[in-house]
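Reviewing the structure listed below.
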Amino acid sequence: KRSQTLEKMSDEDEAPVVKKARIFYGSLEEKEKERLSREGISAAARDAVKAGIEAGNINISSGESMEMEERVSERQAEVLAEFERRKRARQITVSTDDVEVKACLRALGEPITLFGEGPAERRERLRNILSVVGPDALKKSKKEDEKAKRTHEYQQTWYHEGPSFLKEARVWLAKYSLPRAVERLDAARAHKEIPESTRTVKQQELHKALRNVNNFCSQIGDDRPISHCQFSPNSKLLVTASWSGLCKLWKVPDCTLVRTLRGHNTNVGAISFHPQATLTLEESDVNMASCAVDGSVKLWSLDSDEPVADIEGHSMRVARVAWHPSGRFLGTTCYDNSWRLWDLEIQEEILHQEGHSKGVHDLHFHPDGSLAGTGGLDAFARVWDLRTGRCIMFLEGHHKEIYSINFSPNGFHLATGSGDNTCKVWDLRQRRCMYTIPAHENLVSSVKFQPNDGHFLLTGAYDNIAKVWTHPGWSPLKTLAGHEGKVMGLDLSPDGQLIATCSYDRTFKLWMSE
């Protein structure tokens with residue numbers, strides 16, 4: 083019994099044998115061969131294994147191995163680079179001023195703010211960007227900005243030596259304009275001496291008369307739209323220009339046709355009276371000038387329906403012609419981005435002035451004869467000093483093309499009409515826009531101050547109406563409605579009695595206070 087117990091204990095002491103799994107690395111081909119040879123499998127079985135390997139059912143590698151160290155080292159390098167970047171970021175000093183931070187981000191070409199981002203996060207983002215691109219990138223961008231500014235300065239207006247007759251013309255213009263400026267200022271001082279009450283009464287009477295302006299006469303002027311109209315200096319004639327190529331001379335106020343001027347073969351853009359026509363000039367002298375889309379400019383007398391002379395030299399459309407107050411010079415605006423000044427005494431082009439980036443549409447001379455204002459399709463206007471050749475004022479503010487420009491008789495106000503439906507009034511003394519009149523619901527084609535005193539402003543537009551505005555104050559006094567087509571031009575008679583409007587509907591209308 084004791085021996086049985088001992089045997090039992092010895093059996094319990096023996097630990098059970100654990101069967102360990104063998105792990106193989108790499109190819110099993112050699113082990114498989116050993117097993118097959120050891121077990122003595124028949125040749126048929128070996129052939130079956132071989133066929134399975136060839137068929138691809140048994141995957142036997144050819145002993146390639148992949149080094150794990152490369153992948154590990156790449157990951158390590160990325161981590162180390164990130165640590166280095168963070169270290170650099172900690173050393174970079176970034177401004178605490180949020181405006182400066184935004185400016186730096188903009189200089190680097192990054193968005194200045196992200197959705198939900200506060201000043202602290204923005205500063206941290208700038209720090210991270212600088213840690214990647216390097217702090218020198220900001221200095222480089224600043225240097226590039228300075229360089230761009232310097233090159234912009236070099237691209238400013240430049241001058242070249244002109245012909246001797248241009249210098250003579252400039253001296254002549256200075257001698258002509260300075261006495262006129264003195265007269266204008268003397269008249270302004272004398273007007274200021276008039277008691278305020280008297281001036282107010284006169285202004286109220288004028289406003290009352292303007293509110294009573296009504297359509298006096300309507301006349302079909304041509305078979306095609308009438309593009310321009312102007313009163314003669316003596317207020318007894320009206321000349322109209324049409325897209326048919328014909329210009330017509332009418333007697334006002336009874337609107338009877340005096341003469342048809344035949345010479346243009348295409349759309350006539352404008353026709354203008356010489357400042358002394360019907361006053362001191364003979365009828366056989368040059369009394370009018372006209373221009374057309376084909377670049378032709380023609381001079382006309384009052385006693386013939388044929389042009390007296392042609393002015394050649396424009397290769398593109400000439401939009402407007404304007405006489406200098408002296409009557410010696412003629413200005414033309416061209417769609418080759420320039421305007422020109424012609425001296426009719428020596429019959430030469432004395433100035434070919436560039437300065438607009440698109441075509442120049444309108445031109446008007448200052449009442450003193452010292453300045454010229456040009457309005458272009460680039461939405462900018464410029465004021466030029468004819469005595470020096472310099473651009474003395476750059477009028478920036480319109481969003482679309484400028485189609486009309488007009489100086490006030492007071493000498494320091496200037497009005498521009500634009501394709502953005504507004505009329506802007508500028509002050510030459512302060513060199514800024516005084517007031518923007520939201521004048522019309524369509525393109526403003528024409529603006530005109532009262533010719534003698536400038537106490538009101540007239541605007542015409544492609545919304546088929548013309549409007550009268552007070553000056554100063556710029557409140558609407560009267561709407562001249564009646565045209566069935568867009569108003570393309572307007573004028574006021576020098577005696578202040580009549581207003582003329584011409585339209586796309588082929589008519590012109592005269593308006594008079596009742």
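Using the working numbering, the letters of the sequence shown map in sequence onto residues 83 to 596. For glycine and all other residues, C-beta sits at the position ideal for the given N, C-alpha and C.
- Exclusion of the five residues before and after E199 leaves R207 as the residues of its chain whose Cβ lies within less than 8 angstroms of its Cβ.
- Assignment of beta-bridge partners to F165 by DSSP yields no partner.
- Inter-segment contact for the segment 402-409 and the segment 345-360 is present: three or more beta-carbon pairs are separated by less than 8 angstroms.
- The segment 310-320 makes contact with the segment 334-343, as at least three CB pairs between them are under 8 angstroms.
- V176 counts as buried, since at least 16 other C-beta atoms from the protein chains shown sit within 10 angstroms of its C-beta.
- According to DSSP, residue pairing for M594 in a beta bridge involves N296, L580.
- In the three-state scheme derived from DSSP, where H, G and I count as helix and E and B as strand, W325 is classed as coil.
- Proximity of the segment 436-448 to the segment 481-489 meets the contact definition, three or more beta-carbon pairs being nearer than 8 angstroms.
- A residue is called buried once 16 or more other Cβ atoms fall within 10 Å of its Cβ, and R168, having fewer, is exposed.
- Note that the C-beta distance between F590 and I308 is below 8 angstroms.
- For C186, there is no enclosing beta strand (DSSP E); the enclosing alpha helix (DSSP H) has its first and last residue at 180-189.
- For L423, same chain residues with a beta-carbon under 6 angstroms away, outside a window of 5 residues either side, are F411, G413, I432, L433 in chain order.
- Separation of the CB atoms of S527 and M570 is rounded to 6 angstroms, and the pair is thereby assigned contact status at 8 angstroms.
- If you keep only unbroken beta strand (DSSP E) runs of at least 3 residues inside the segment 323-400, you get 328-333, 338-344, 350-355, 370-374, 379-382, 391-393.
- Residue burial is scored here from C-beta neighbours: D268 has fewer than 16 other C-beta atoms within 10 angstroms and is therefore classed as exposed.
- Three or more beta-carbon pairs separated by less than 8 angstroms are not found between the segment 272-291 and the segment 496-510, which leaves the two stretches without contact.
- In terms of CA proximity to G493, D509 leads the group E478, H480, G479, D509.
- By the beta-carbon neighbour count (other beta carbons within 10 angstroms, threshold 16), S246 is exposed.
- Under a 10 Å Cβ-count criterion, R120 is classified as exposed, with fewer than 16 other Cβ atoms of the shown protein chains found around its own Cβ.
- In this structure, DSSP gives L260 a helical state, which the three-state scheme calls helix.
- Annotation for N534: no alpha helix (DSSP H) segment contains it, and DSSP assigns it neither H nor E.
- Contact annotation: A543 and L559 have beta-carbon atoms that are not nearer than 8 angstroms.
- Within the same chain, S452, L453, I474 come within 7 angstroms of D467 by CB-CB distance, once the 5 residues on both sides are set aside.
- Here DSSP, grouped into helix, strand and coil, assigns Q173 to helix.
- Of G536, L562, L580, A548, the smallest CA-CA separation from G555 is found for G536.
- Boundaries cannot be given for P315, as no beta strand (DSSP E) includes it and DSSP labels it neither H nor E.
- One thing to note: W551 has its Cβ no nearer than 8 angstroms to the Cβ of F298.
- Within the segment 401-472, complete alpha helix (DSSP H) segments of at least 4 residues are not found at all.
- Following the DSSP letters along the chain, one finds N210 inside the alpha helix (DSSP H) bounded by residues 201-215.
- Looking at the DSSP output, Q301 shares a beta bridge with F590.
- Contact annotation: P491 and P315 have beta-carbon atoms that are not nearer than 8 angstroms.
- Straight-line spacing of the CA atoms in N369 and V375 works out to 21 angstroms.
- L384 and L361 have their C-alpha atoms spaced approximately 12 angstroms apart.
- Non-local C-beta neighbours of A463 in its own chain, meaning closer than 7 angstroms and more than five positions away in sequence, comprise G455, T456, G457, L477, I484, I487, T498, ordered along the chain.
- DSSP lists D509 as the bridge partner or partners of R514.
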